[in-house]
Amino acid sequence: MFSFVLQVAQMQGHKEHVDIGKILQVAESLESIVSGCFGPEGGQVLFIKSTGDLLITKDGRSILECLLLDHPVARMVVSAASRHYSITGDGVKSFVLLLCAILRELQATADRNQGLLLSRKATLKNQYQRQGHASRRLSNILLTFQSRVLDPIIAQHLRPHFISVFSTTEGNITLCRASIQRTIDTYFRGRLGCNIHQFISRLACEYLYDCFLRAADIPVVVGLVSKYFSSLLTEVPGLPVENSRILPAVILHRAFTVYCPAEGEVRALMVTEPINQCLSEPDVAFLVSSDVQLQQSQLYLRQRTENLLKLLQRKDIRIVFSSVKQHDIVLYYAKLSGISIVDCLPSEEMDLLSMITGVTPKSEPLNDFLLPETFPVVSCKPIVIGNKKYVHLVLRSSLAFQPHSLVLCGPVKGFTEQLVSSFHGAFKMLTQLFQPFTAVEEQPANNADSCLLKRTEEQSGTCERCQNDSVGAPCHPENNDQAVHMHLTHSEEKDSAGASREGSASPSCGCGDTGSIERRRPQGPFIIQGSYSSAGTGSVPFADVGLVFPGAGTFELLLKDYLHKFAKICQDAELASICTVVGNAFLCIPRQICKAKTRQIHLPQRTKEMLQLDSLHIAETGLEPVSCKYQLLASVLQCLSQLVAINLIIGVKKSQSAENEETDEDKLEADH
């Protein structure tokens with residue numbers, strides 16, 4: 001990781017030195033906004049846009065992206081949080097809270113012992129150059145901490161406590177609906193008001209189950225729903241939320257240009273070019289010698305179009321889906337031939353039809369010799385949703401995905417958009433849930449009471465060649481393949497293991513409906529002997545997908561305990577300090593949740609209770625995907641490693657043309 005200078009388009013000549021304290025000050029300004037709407041009991045934020053529109057939301061991404069931010073550090077934080085949201089569909093508020101908590105712990109550690117993260121061999125006299133090497137070193141340590149400490153701890157010590165949403169009976173893989181429902185409930189509780197989140201949560205779970213037939217297909221299905229969500233969704237502002245519903249098959253967001261009712265199963269084709277050809281290609285001159293020749297040419301094209309439509313009729317093709325507008329002459333002969341036309345379809349909906357049917361539309365014009373591939377249509381009728389007319393299309397799908405359309409209603413447009421964003425985010429979360437968990441597990445060291453870390457010059461201090469370089473020069477760490485190995489003694493783990501044994505009963509899923517919960521163990525009886533095919537990854541065992549963990553800060557509390565135990569046995573003082581810093585910072589999530597509850601729960605008490613995973617505990621805390629929790633930690637550490645590497649902010653004068661372009665963009669956004 002490089003220490004770097006951040007250039008900002010502000011007043012020319014402006015220069016600002018940056019340290020952890022200044023970064024924390026900027027991040028805390030964002031934290032003060034999102035902390036009030038964190039968790040199920042969090043409130044909502046009211047925004048008044050420049051257009052006069054009101055926005056009331058508790059969605060973290062919407063809140064941060066509505067802010068007008070001038071400071072580059074704030075923009076970096078928001079950009080990193082938005083990237084995290086694009087992967088997991090949630091976690092923006094937790095991202096900001098955890099980032100600030102780690103920065104505060106780093107600042108407190110630096111105040112107590114300023115030389116801890118500085119080179120023991122550094123002889124630099126320049127304060128800012130010395131700070132630059134320290135920042136670069138801290139950035140490298142944070143990335144090392146993730147790959148060599150955090151990943152092995154999660155893989156070795158937290159994995160036995162994971163809960164699977166899958167179960168198996170006599171070799172058959174089943175998906176526990178109660179576990180999925182509670183996972184979705186937990187997601188919507190943090191994003192929507194308490195008066196509607198249960199209805200939307202049940203609707204999302206029902207939609208998911210309508211879209212697949214077998215449990216083995218669900219990883220593929222949730223990915224397709226997330227990818228084609230905009231085409232599968234219909235927004236209806238002006239109606240109560242309770243009017244939202246699920247419709248079988250596909251809703252095309254265009255009305256019939258020509259509608260000819262047809263009974264029974266018919267065939268359809270997709271085109272991307274006008275059926276009626278022009279006299280010449282674009283940018284090609286067409287020379288005629290007389291009006292008679294022009295009329296004859298037009299008559300030929302007219303007859304050709306008529307023959308094409310009659311040919312479609314003889315081939316039992318009754319519907320044409322077009323991505324371009326068709327000429328009036330095409331509509332005329334289509335009506336005479338009993339062929340329905342739906343034109344001007346957006347490319348997203350054409351892609352959806354192509355995915356479901358397996359038919360790829362050809363970009364070549366239709367001809368009499370070779371027609372494009374067609375596909376069967378069970379039913380195609382007009383439908384009115386709200387005050388608009390659409391096309392209700394029922395197709396035969398040979399895929400694992402069973403297409404259904406979602407109709408989301410809301411009293412006003414802004415509120416409907418929030419529902420849409422939350423619903424889409426839920427399927428991003430589910431996509432992440434059914435991705436293989438990727439924390440790397442390292443083999444424990446033979447010495448149970450030590451942390452085996454080979455200390456290089458880069459790990460123990462700034463390397464000598466870096467001391468002679470400039471602040472912006474790269475520092476190349478050596479021996480990056482050396483892994484941190486951790487093994488806790490039996491006495492340190494017996495409490496956790498005992499609690500885990502107490503909670504391992506018969507159920508193999510996280511629903512908590514009967515008895516207590518069985519956790520995932522490397523050799524446990526409910527490791528599902530099955531796999532699914534993931535694009536680009538080959539066969540993936542089901543034991544690595546669908547892993548969840550009790551919510552309400554349970555993951556952070558347990559991880560904090562293991563990090564503190566590791567810090568006590570680690571022989572590297574700096575790495576042990578980072579473990580303590582990050583472990584203490586993890587408490588910000590459960591503290592924020594407990595702070596909002598009417599029944600205050602003492603954190604040490606929660607630490608003892610969190611492994612007693614009975615049905616009451618699961619119902620209270622909900623379930624959260626392990627992969628999303630892990631991605632949150634990775635995203636925060638990645639962002640933090642970039643922030644602490646900033647040493648200097650230099651303002652540059654913005655050109656007049658750039659200012660005019662930004663003004664024009666602002667006007668366009670206001671118009672939209």
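Take the sequence shown: its position 489, counted from the start at 1, is 489 in the UniProt record's numbering, and no numbers get skipped. Every residue, glycine too, gets a C-beta built ideally from N, C-alpha and C. For clarity, every value in this text was computed on a predicted model and none was experimentally measured.
- Cβ-Cβ distances below 8 Å link D210 to I246, P248, Q402 and H404 in the same chain, with the five nearest sequence neighbours on each side left out; the list follows chain order.
- Out of V548, K389, L395 and P240, the CA that lies nearest to the CA of V378 is found in L395.
- Burial of C570 is indicated by the presence of at least 16 other C-beta atoms within 10 angstroms of its C-beta.
- Closest in alpha carbon position to I20, among Q432, E242 and A108, is A108.
- In this structure the region 629-648 lies against the region 142-152, because at least three pairs of beta carbons, one per stretch, are closer than 8 Å.
- If you draw a straight line from the Cα of R191 to the Cα of S422, it comes to about 7 Å.
- In the three-state reduction of the DSSP assignment, L395 falls in the strand class.
- A255 is the residue among S337, A255, R302 and L301 whose C-alpha sits nearest the C-alpha of F321.
- Judged by DSSP in its simplified three-state form, L67 adopts coil rather than helix or strand.
- In this structure, L203 lies near S244, with their beta-carbon atoms less than 8 Å apart.
- Under the three-state reduction of DSSP output, L213 falls in the coil class, being neither helix nor strand.
- Non-local C-beta neighbours of T272 in its own chain, meaning closer than 6 Å and more than five positions away in sequence, comprise S323, P361 and S363, ordered along the chain.
- If you look at R318, you'll find it in the beta strand (DSSP E) that goes I317 to S322.
- Judged by DSSP in its simplified three-state form, V548 adopts strand.
- Counting along the chain, the unbroken alpha helix (DSSP H) around I87 starts and ends at P72 to T88.
- If you ignore the 5 residues before and after L143, its C-beta comes within less than 8 Å of the C-beta of M1, L637, Q638 and S641, all in its own chain and listed in chain order.
- Close CB contacts of K428 within its chain, under the 6 Å cut and outside five residues either way in sequence, are with G89 and S226 (chain order).
- When rounded, the separation of the alpha-carbon atoms in H197 and L312 is 49 Å.
- Contact between S635 and H84 is confirmed by a C-beta separation of about 4 Å, below the 8 Å threshold.
- A contact between stretches requires three or more CB pairs, one per stretch, nearer than 8 Å, and the region 301-318 fails this requirement with the region 232-244.
- Following the DSSP letters along the chain, one finds P219 inside the alpha helix (DSSP H) bounded by residues I218 to K227.
- When C-beta atoms of the region 204-224 are compared with those of the region 157-174, three or more pairs fall below 8 Å, so the two segments count as touching.
- CA-to-CA, the gap between R75 and A426 works out to about 25 Å.
- For C570, the secondary structure class from DSSP, reduced to helix, strand or coil, is coil.
- Segment contact: the region 260-268 against the region 336-354, three or more CB-CB distances shorter than 8 Å; contact assigned.
- Look at H404 here: in three-state DSSP terms it is strand.
- Inclusion of C594 and L98 in the CB contact set at 8 Å is not warranted, their separation being larger than that value.
- I154 and F586 have their C-alpha atoms some 14 Å from each other.
- Exclusion of the five residues before and after F47 leaves L55 and C66 as the residues of its chain whose Cβ lies within less than 6 Å of its Cβ.
- Residue range V45 to I48 is occupied by the beta strand (DSSP E) that includes L46.
- DSSP, read as helix, strand or coil, puts Y259 in coil.
- By the 16-neighbour rule on beta-carbons within 10 angstroms, T169 is exposed.
- In this structure, DSSP gives L648 an extended state, which the three-state scheme calls strand.
- Here C344 is exposed: its Cβ has fewer than 16 other Cβ atoms, across all protein chains shown, within 10 Å.
- Excluding the 5 residues flanking it on each side, Y207 has same chain C-beta neighbours closer than 7 Å at I246, H404 and L406, in chain order.
- In the assembly as shown, N387 is an exposed residue. Its beta-carbon has fewer than 16 other beta-carbons within 10 Å.
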